[in-house]
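Colleague: I'd like to ask some things about the structure below.
Protein chains: 2
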Amino acid sequence: MAEFVEIATADDPRLADYRDLRDVELRKHLEAEHGLFLAEGEKVVRRAILGGYPARSFLMAPRWLDGLADVLALSPAPCYVVSEALAEEVTGFHVHRGALASLERRPLPTVDDVLDGARSVLVLEDIVDHTNVGAILRSGAALGFDAVLLAPRCADPLYRRAIKVAMGAVFSLPWTRLPDWYDALPDLTSRGFTTVALTLAPDAVPVDEAVAGLDKVALVLGSEGHGLSERWEQTADRRAIIPMAAGIDSLNVAAATAVACYVTARR
Amino acid sequence: MAEFVEIATADDPRLADYRDLRDVELRKHLEAEHGLFLAEGEKVVRRAILGGYPARSFLMAPRWLDGLADVLALSPAPCYVVSEALAEEVTGFHVHRGALASLERRPLPTVDDVLDGARSVLVLEDIVDHTNVGAILRSGAALGFDAVLLAPRCADPLYRRAIKVAMGAVFSLPWTRLPDWYDALPDLTSRGFTTVALTLAPDAVPVDEAVAGLDKVALVLGSEGHGLSERWEQTADRRAIIPMAAGIDSLNVAAATAVACYVTARR
């Protein structure tokens with residue numbers, strides 16, 4: 000049962016986890032250093048707790064307490080109760096979805112664990128936008144993918160914005176970081192996956208042809224700006240494209256992923 | 000040829016179009032009232048000007064001028080030259096993509112004009128998020144759709160964030176507002192379109208079955224939160240779903256649109 004603690008001043012040190020949530024650089028630093036992440040909104044907080052992440056604390060305005068009473072009953076962490084104005088002062092924005100929680104990160108699973116039994120996997124190279132990472136996880140979960148692997152420099156799925164966009168998929172879909180960028184795709188090939196890179200390369204074939212009849216597939220996606228690295232593009236088993244209308248550069252990476260997941264799920 | 004005007008103070012009234020770009024409510028009000036919209040970044044500004052939107056003015060730091068020299072040569076509007084620090088002070092954020100332009104809105108085309116010759120059309124009811132509107136336009140353009148119709152309350156495709164995400168598709172893909180919400184779908188049916196609503200309704204069929212063999216198709220998409228209105232869901236000719244994994248609520252509307260466009264384009 001969470002202990003309820005009323006707090007009335009913005010500079011109370013117990014609110015340190017919740018400061019300046021709109022300052023991406025500051026938050027990345029602070030969250031990595033303290034091994035924490037932030038969840039926002041009743042639904043997301045509930046999924047994080049039920050997904051087994053231990054809470055460090057909760058931050059609530061009085062009228063948000065009822066919706067999460069069952070979750071608060073499960074957790075020994077303190078629940079800081081503040082006015083909505085104080086919540087806004089501390090976080091730097093109007094918390095319109097209510098509840099916030101600061102949660103402890105857990106050690107990431109191994110690649111072996113994440114791939115155990117998986118038949119359809121997403122592999123993200125250097126996606127930089129948290130919204131895209133969240134949207135990709137949500138689409139992967141909805142369209143029947145089993146796991147997600149992230150290159151070392153891919154944006155953090157446990158960043159607040161990514162979690163919010165993923166609608167909790169980050170807590171249900173198994174994912175981890177790849178320890179080795181250079182040989183990541185050959186390693187997947189040696190594990191029996193056919194690696195299919197989405198790219199605009201001239202030898203790319205339509206994605207439905209690229210995945211037709213395959214058993215274990217790893218769909219490989221590159222950065223928003225410049226796409227995949229040369230290394231990954233060259234070490235993928237196949238290169239695939241989503242056929243597009245003449246004169247259009249490309250699809251947004253989250254949209255392309257949704258289409259590719261749909262097609263791959265029906266291979 | 001744009002006239003170059005150096006400006007050194009943030010309160011110069013000539014910079015009024017560029018104030019507080021992160022304040023969504025203020026901007027919606029100001030832009031509607033003055034019939035203007037903002038484009039951000041060299042690529043987007045170029046597409047807006049080449050798309051025929053008259054510039055009211057440009058706002059540039061000196062090092063951004065070269066990239067748009069050809070575009071500035073085409074326009075009689077003034078180009079305000081400011082330091083990057085001053086640009087940040089006026090707009091309220093770090094303008095990392097460079098160039099800004101304030102452009103004049105044009106009268107929207109009629110529904111007749113937008114549908115002339117169209118075979119695949121997107122119809123957006125009350126999408127509220129500008130990122131989603133932009134992503135949907137980009138996917139529609141990339142996946143071969145011919146036009147977009149917006150319900151009266153759908154978010155503005157000419158809002159800065161929507162334009163940026165659409166990567167200029169808002170300037171190339173024909174679109175307009177529907178004058179009448181209530182009979183919008185029956186009107187499309189009477190024009191020979193089969194209206195296919197994406198929904199989680201129990202009688203929805205998989206989207207590939209719903210569009211198979213159809214000639215003129217209007218894909219109908221609802222709001223992020225509660226989906227389509229009852230009126231639109233009931234007046235659509237067909238209800239379709241993107242098959243999803245068990246236990247997942249739904250796809251993000253932009254991801255669902257990308258999949259539905261892909262499937263519809265290959266009907």
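The listed protein sequences correspond, in order, to chains A and B.
Numbering follows numbering that gives the first Met the number 0, in which position 149 of the first sequence is assigned residue number 148; successive positions increment by one, without gaps.
Numbering follows numbering that gives the first Met the number 0, in which position 42 of the second sequence is assigned residue number 41; successive positions increment by one, without gaps.
Even glycine gets a Cβ: it sits at the ideal position worked out from N, Cα and C.
Everything numeric in this text was worked out from a predicted model, so none of it was measured.
1) Return helix, strand or coil for P205 (chain B), following the three-state DSSP convention.
2) If the cut-off is 8 Å on Cβ atoms, which residues from the stretch 118-139 of chain B count as contacting chain A, listed in chain order?
3) To the nearest angstrom, report how far apart R265 (chain B) and P75 (chain A) are at their CA atoms.
4) Once DSSP output is grouped into helix, strand and coil, what is the label at W63 (chain A)?
5) Note down, in chain order, each residue of its chain lying with its Cβ closer than 6 Å to the Cβ of G50 (chain A), except the 5 sequence neighbours on either side.
6) Less than 7 Å between the beta carbons of V258 (chain A) and Y261 (chain B), yes or no?
7) Given this structure, state the Cα-to-Cα distance separating G226 (chain A) from S119 (chain B), to the nearest angstrom.
8) Using a Cβ-Cβ cutoff of 7 Å, what residues of the stretch 251-263 of chain A are near chain B? List them in chain order.
9) Any contact between the stretch 23-34 of chain B and the stretch 231-238 of chain A? By contact I mean 3 or more CB pairs, one from each, below 8 Å.
10) Nearest CA to the CA of E88 (chain B): which residue from B:V147, B:D69, B:R137 and B:L58?
11) Just mark F192 (chain B) as buried or exposed, buried being the case when its beta carbon has 16 or more other beta carbons within 10 Å.
12) Which residues in chain A have a C-beta closer than 7 Å to the C-beta of G116 (chain B)? List them in chain order.
13) Work out the CA separation of E124 (chain A) and P275 (chain A) for me, nearest whole Å.
14) Can you list, in chain order, the residues of its chain with a C-beta nearer than 7 Å to that of L73 (chain A)? Leave out the 5 residues immediately preceding and following it.
15) Using a threshold of 7 Å, state whether the C-beta atoms of L85 (chain B) and A165 (chain B) are closer than that.
16) Name the chain A residues whose beta carbon is nearer than 9 Å to that of A244 (chain B)?
17) Between the stretch 61-70 of chain B and the stretch 93-104 of chain B, are three or more C-beta pairs nearer than 8 Å?
18) If we cut at 7 Å on Cβ distances, does I48 (chain A) have a partner in chain B?
19) According to the neighbour-count rule (16 or more other Cβ atoms, all chains shown, within 10 Å of its Cβ), is M243 (chain B) buried or exposed?
20) Helix, strand or coil for A165 (chain A), going by three-state DSSP, please let me know.
21) Which residues in chain B have a C-beta closer than 7 Å to the C-beta of I247 (chain A)? List them in chain order.
22) If you draw a straight line from the C-alpha of G143 (chain A) to the C-alpha of A117 (chain B), how long is it?
23) Is Y158 (chain A) helix, strand or coil by DSSP?
24) So E41 (chain A) is in the alpha helix (DSSP H); what residue range does that whole segment cover?
25) Compute the Euclidean distance between the alpha carbons of S249 (chain A) and N131 (chain A), then round it to the nearest angstrom.
26) For I6 (chain B), list the residues DSSP reports as bridge partners.
27) According to DSSP, T175 (chain B) sits in a beta bridge with which residue or residues?
28) In this structure, does DSSP put F92 (chain A) in helix, strand or coil?
29) Looking only at its chain, what residues have a beta carbon closer than 7 Å to the beta carbon of A211 (chain B), apart from the 5 residues adjacent to it on each side?
30) Closest to A168 (chain B) by CA distance: which of B:P156, B:L177 and B:V94 is it?
31) Who are the Cβ neighbours of E30 (chain A) in its own chain at under 7 Å, not counting the five residues just before and after it?
32) Round the Cβ separation of V80 (chain B) and E2 (chain B) to the nearest angstrom and send it over; I've been treating them as touching at under 8 Å.
33) Which same chain residues end up closer than 6 Å to D19 (chain B) when comparing Cβ atoms and leaving out the 5 residues on each side of it in sequence?
Modeller: On the basis of the coordinates in this document:
1) strand
2) T130, A134, R137 and S138
3) 54 Å
4) helix
5) F170
6) yes
7) 29 Å
8) N251, A253, A254, A257, V258 and Y261
9) no
10) B:L58
11) buried
12) Neighbours of G116 (chain B) on chain A: none; closest Cβ ~15 Å, over 7 Å.
13) This structure does not reach residue 275 (chain A), given that chain A is present from 0 up to 266, and the question cannot be answered.
14) I48
15) no
16) A140, A141, L142, G143, F144 and A264
17) yes
18) no
19) buried
20) helix
21) A140 and A141
22) 34 Å
23) coil
24) E41 to L49
25) 15 Å
26) Bridge partners of I6 (chain B): none, in fact.
27) B:L148
28) coil
29) R266
30) B:P156
31) F36
32) With a Cβ gap of about 10 Å, V80 (chain B) and E2 (chain B) do not count as contacting.
33) L25 and G91
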